[in-house]
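>
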Ligand code: NIG
Ligand code: FE
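In structure tokens, the structure reads:
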């Protein structure tokens, strides 16, 4: 078998290289390779440049050639840095109730909300959860997503959180994308927990996270800091223990009220996600830190809430990622490309800022430096669109889907040949 694969020519390649992690970006800064090609070696990129140059390189002699006809634009495979796609059941009823005037927190108090999904997810077998993850991951693949963070958080007991972590690990072996698991046992305090909230969190550390670590099921821990979820005090006590164990931290922060982002900064979290309620104070704090601010426009669209102040975060010098938050409650749509395009239109983000938010800046939120940019040595993860102008991708607001997706050097989705692995 040939070691090399040469793919091209592309009308344009957006390598997303040589761009800063933080701050505003103009479209003029975006590097574009016209009539470009990619030489792949195994699962990674060997070289990238003008197609003609690659064609005359010595490696090209023995390379398998995937010659493209017509217009094509390639960008890095999309990274969705925040999802909850491991769940059972639907919350269509919550959605209808919210639109009829009830608040997210009211619905939760009345037995809907996250707890409803917990009840259904507890009843599901590990295998049923695996199937659900695979089904949703396949949908994300058609959007060009090659890396998906997946949280637990609908088990809320040692037993059921472990079942979720195992389901995510198993699904990871059966999807073409990389699934990045995160333990969100601190999603909300379980309604059936009889004693203090802190007892639950300590139980999670002692009886779940120790095993999660031992079994290599995840190195990431998340917590939802909010009224109706966990208080700042509880979060600080929990995260102190979590940090001591060496887990990377991410926080559901400032969704309805502030407080979470300050804790994310205090603990040097990889990311603070949501931030719809962040004020100037939180924006300044985040911008001065290394924490990636992750906007979740799918939750704003699902809840009918304001968007994360993405423009102000970038102008203050912050690093902005954009993720789908795909979950059965607040963000059932799960279509990151559509959501990112809409956020761009409402927040007045340049195309460069939106594309950075779903590629290398999102990869940084997952502490992954081997993807999100098309450069030599990185994983050969590509989303390819049938157009000759990259501006068409966001202009079409998610309607222009990739025609091809490559993951780790393999063509895993080909619209015209109906290939979807
Ligand atoms: O990110 N805010 C908390 N957690 C999820 C919602 C989960 C759910 O409603 O099931 C979120 O929006
Ligand atoms: Fe979330």
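Numbering (the working numbering), first residue to last: 141 to 561.
Every residue gets a Cβ at the ideal spot worked out from N, C-alpha and C, and that includes glycine.
Just to confirm before moving on: does the CB-CB distance between residue 268 and residue 325 stay below 8 Å?
In this structure, residue 325 does not lie closer than 8 Å to residue 268 by Cβ.
> How would you call residue 516, buried or exposed, if buried means at least 16 neighbouring beta carbons within 10 angstroms?
Classification of residue 516: exposed, given that the 10 Å Cβ count is below 16.
> Beta-carbon separation of residue 427 and residue 415 under 8 Å?
No, Cβ-Cβ distance for residue 427 and residue 415 is not below 8 Å.
> Taking the alpha-carbon of residue 510 as reference, which of 541, 547, 495, 533 has the nearest alpha-carbon?
Residue 547 is the option with its Cα nearest to residue 510.
> Do residue 213 and residue 475 have their C-beta atoms within less than 8 Å of each other?
Cβ distance not < 8 Å, so residue 213 and residue 475 don't count as in contact.
> Pick out the complete beta strand (DSSP E) segments inside the region 260 to 337, 3 residues or longer, and give them in chain order.
Runs found: 285 to 291, 318 to 326.
> Does the count of Cβ pairs from the region 268 to 285 and the region 219 to 234 closer than 8 Å reach three?
At 8 Å Cβ cutoff, the stretches touch.
> So residue 407 and residue 379 are supposed to be a Cβ contact under 8 Å. How far apart are they, rounded?
Between residue 379 and residue 407 the Cβ distance is about 5 Å, and since that is below 8 Å, they are a contact.
> Considering only residues of the same chain and omitting the five flanking positions on each side of residue 166, which have a CB-CB separation below 6 Å?
Only 490 meet the Cβ criterion.
> Near residue 500, which residues of its chain fall below 6 Å by C-beta distance, leaving aside the five closest residues on each side in sequence?
Here the set comprises 156, 512, 513.
> Report whether the distance from the Cβ of residue 439 to the nearest heavy atom of ligand 1 is below 7 Å.
Yes, the beta carbon of residue 439 sits closer than 7 Å to at least one heavy atom of ligand 1.
> Based on Cα-Cα distance, which residue from 283, 462, 439 lies nearest to residue 471?
Looking at the Cα atoms, 439 is the closest of the given residues.
> What span of residues does the beta strand (DSSP E) with residue 360 cover, start to end?
It spans 360 to 364 - the beta strand (DSSP E) in which residue 360 sits, taken as one unbroken run.
> Near residue 307, which residues of its chain fall below 7 Å by C-beta distance, leaving aside the five closest residues on each side in sequence?
Once the five neighbours on either side are set aside, the close Cβ partners of residue 307 are 226, 266, 269, 270, 273.
> Got a sec, what are the start and stop residues for the beta strand (DSSP E) residue 525 sits in?
522 to 525 is the extent of the beta strand (DSSP E) around residue 525.
> Per DSSP, what are the beta-bridge partners of residue 393 in this structure?
According to DSSP, which records beta bridges pairwise, residue 393 is partnered with 414.
> To the nearest angstrom, report how far apart residue 532 and residue 477 are at their CA atoms.
Distance between the alpha carbons of residue 532 and residue 477 is about 12 Å.
> Unbroken beta strand (DSSP E) runs of length 3 or more, entirely within the region 190 to 239: which are they?
Taking only runs of at least 3 residues, the beta strand (DSSP E) segments lying wholly in the region 190 to 239 are 204 to 207, 213 to 216, 218 to 220.
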